[in-house]
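Below is one structure, written out as structure tokens; the observations come after it.
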Amino acid sequence: MTYIDATLRDDLIEAERQAEKGGAACGLMAMVNEGFWLTMNREVQIALVLDHSCSVIRLTGSLLQVRDENDNLLGEWVPLEKAEKLKDQENVHFLSRDFVLYRDIPLKGAPRIVLPAVDFPFLHGIEGIVNVTSASPSGPTDELIRCRLGLGGTDLLSHVVGFDLDIQPSAERVNSVRENSCP
4 MTYIDATLRD
14 DLIEAERQAE
24 KGGAACGLMA
34 MVNEGFWLTM
44 NREVQIALVL
54 DHSCSVIRLT
64 GSLLQVRDEN
74 DNLLGEWVPL
84 EKAEKLKDQE
94 NVHFLSRDFV
104 LYRDIPLKGA
114 PRIVLPAVDF
124 PFLHGIEGIV
134 NVTSASPSGP
144 TDELIRCRLG
154 LGGTDLLSHV
164 VGFDLDIQPS
174 AERVNSVREN
184 SCP
């Protein structure tokens, strides 16, 4: 885990811009990382490096989606638990054990890859931390994060978390400080 300082943030943003410019599937499809940009708009960003079994990955609804110009969900990466529930549905076509296409959604315009914002419940309820979001970076940005942390070339995944700070002293805390103040 590392705090994303201004220099690293600038480097990550540039890497993500280049990845989006290049597109997905060797440039065959447009790509936008909605979650990354939301995360970079928060006051504080942290980069994590995780293995595939980490609960951040297992608990998420979707890390990668295929959407059309009307934002219809055409396909998505699904955690194995969700894949198990979908396996007998006629409208679902498995491209792999964890990536599905939905047959009953008519395509409107060109499809694109979307990396959505991902809920990060591990910071919910912590006083002073608000507007929590997280995302999976694109491949090049993921590699940049892992290299900066000395983990390049590994089978690990990076994930970025962003949040705002709302440090307002609660009345309870202010009263406690007043009661314990020296005369």
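Each residue of the sequence shown is one higher than the last, beginning at 4 in our numbering.
For glycine and all other residues, C-beta sits at the position ideal for the given N, C-alpha and C.
Check: Beta bridge counterpart(s) of residue 96 as assigned by DSSP; Outcome: 104
Check: Three-state secondary structure assigned by DSSP to residue 137; Outcome: strand
Check: N-terminal and C-terminal residue of the beta strand (DSSP E) that residue 165 is part of; Outcome: 160-168
Check: Pairwise C-alpha distance: residue 106 and residue 98; Outcome: 12 Å
Check: Through-space distance from residue 117 to residue 33, alpha-carbon basis; Outcome: 9 Å
Check: Residue 10 burial status per 10 Å Cβ neighbour count (16 or more: buried); Outcome: exposed
Check: DSSP state of residue 17 mapped onto helix, strand, coil; Outcome: helix
Check: Residue nearest to residue 137 in terms of C-alpha spacing, selected from 18, 16, 48, 13; Outcome: 48
Check: Sequence-distant residues of its chain with Cβ nearer than 7 Å to residue 131 (five each side left out); Outcome: 168, 169, 170
Check: Straight-line Cα distance separating residue 165 from residue 8; Outcome: 12 Å
Check: DSSP state of residue 55 mapped onto helix, strand, coil; Outcome: coil
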